[in-house]
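In the working numbering, the protein residues as written are 39 to 298.
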């Protein structure tokens, strides 16, 4: 049994959790079996299992727990990076938690995810200056009023997100498929050739820019420059993202071991 099968338990319509009817599968797992297996997996691979459930949107508590566990892990490893080792005792845990939050968001992103519109900052509207023609009576005169242009600031619908405030995280080149036509190979062979999308490296979605994580860190401390971030802290941040993938794979192996 793999991790994806456990999702059915959280949204199950019956107490029998199996890919086939019980009448034709004598080794089907009952609801009690599943609960026991999930509990054991949680105990053996807490970070990976919580991260998976949080990624699947099963529980915000699991998301928070995964972030907390990664922040604790980061605290045990961050002193290997000089810029992080120099942080004060009160600042370091805050920085590690912020890195863990962004690491989880990047780890859990997919082609089906949405991101905040960077044009309207998620509001769905923009402030725009418009000029309108209005009738206005000249001061001190009792004559017929004249028409003048008046400048006003109004809210207009954001055209980029059509007022939703969000955009799809799917890659704009491959539209979430991870594959795109390779023009060079297509021209050479004379038939359409599909290859991993160069923009997203075959993921099918855009990753969260690391500069967003740096901007959040800068709100906590100004002791990490952008150059330092790029040279030493960003590689550490990338390792935290990879840590979730490693821990999820470990949870997968533990669940299979328990339910085999």
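Virtual Cβ for every residue (Gly too), placed ideally from N, Cα, C.
Source: prediction; values computed, not measured.
Residue(s) in a DSSP beta bridge with residue i
i	result
residue 154	204
residue 163	195
residue 171	187
Close-in-space but distant-in-sequence residues of the same chain around residue i (CB under 7 Å, 5 per side omitted)
i	result
residue 125	133, 259 and 261
residue 244	207, 209 and 238
residue 94	45
residue 235	209, 211, 212, 216, 217 and 218
residue 190	168 and 170
residue 97	91
Cutoff 6 Å; reference residue i; Cβ partners in own chain excluding five residues on either side
i	result
residue 201	162 and 195
residue 292	79, 82 and 83
residue 145	279 and 282
residue 149	208, 214, 242 and 243
residue 254	136
residue 75	296 and 297
Within-8 Å CB hit, residue i to chain C
i	result
residue 114	Note that chain C does not occur in the displayed structure, where there is just one protein chain.
Where residue i falls: helix, strand or coil (DSSP)
i	result
residue 149	coil
residue 271	helix
residue 98	helix
residue 247	coil
residue 119	coil
residue 82	helix
residue 276	helix
residue 299	One cannot answer for residue 299 here, as it falls past the ends of the chain, which runs 39 to 298.
residue 39	coil
residue 263	coil
residue 109	helix
residue 136	helix
residue 77	helix
residue 258	coil
residue 45	helix
residue 127	coil
residue 289	helix
residue 298	coil
8 Å CB neighbourhood of residue i in its chain, flanking five on each side removed
i	result
residue 41	87, 90, 286, 289, 290 and 293
residue 160	154, 203 and 204
residue 331	The requested residue 331 does not occur in the structure, where the chain is confined to residues 39 to 298.
residue 266	121
residue 130	113, 116 and 122
With a floor of 4 residues, list each alpha helix (DSSP H) that falls wholly inside the stretch 186-242, ordered by position along the chain.
-> 221-227
So, do the stretch 96-107 and the stretch 118-134 have three or more beta carbon pairs nearer to each other than 8 Å?
-> no
Evaluate the contact criterion for the stretch 138-148 versus the stretch 262-271: three or more CB pairs, one atom per stretch, below 8 Å.
-> no
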